[in-house]
Amino acid sequence: MDEYFDVVGYNERSRMTLARLKIARDGKIVWKNRCESNHIDQNQVGWGVMKEYLHQEFCPLGFHGNRMNEFLELSQGNLSIEEYHQAFAKLIHAVMHQME
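Residues in the sequence shown are numbered from 500 upward in steps of one, following the working numbering.
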């Protein structure tokens, strides 16, 4: 979402508003419960805070390290060129987001 926000030029408030509309069912419930239990006004929290909290909540420890290892160990092996390309594209996308 950050890339989209940057391209469109959204400010922090617009980023947060769109993020709250776009996050999936479980994410909405978790975020709403966190705000309510900590007496936080959802309208006063920035996108960076929400993104970091949801990342911690939904990405298991070691997830990104595992993705990096998958990328580094990727080889064509018995895959067709198309299958290899798809696997490469998926992993490079994940690794690039991790490095941001």
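The beta carbon of each residue, even a glycine, is placed where N, CA and C say it ideally should be.
Item: Do R514 and W546 have their C-beta atoms within less than 7 Å of each other?; Value: yes
Item: I'd like to know if the segment 548-556 and the segment 521-536 are in contact, where contact means that at least 3 CB-CB pairs between them fall below 8 Å.; Value: yes
Item: In terms of residue numbering, what span does the alpha helix (DSSP H) encompassing I528 cover?; Value: 524-536
Item: Straight-line CA distance for R566 to G508?; Value: 29 Å
Item: Give every residue of the same chain whose Cβ lies closer than 8 Å to the Cβ of A586, excluding the five residues on either side of it in the sequence, and list them in chain order.; Value: L573, L578
Item: In the DSSP assignment, find the unbroken alpha helix (DSSP H) run with S513 in it and report its ends.; Value: 511-521
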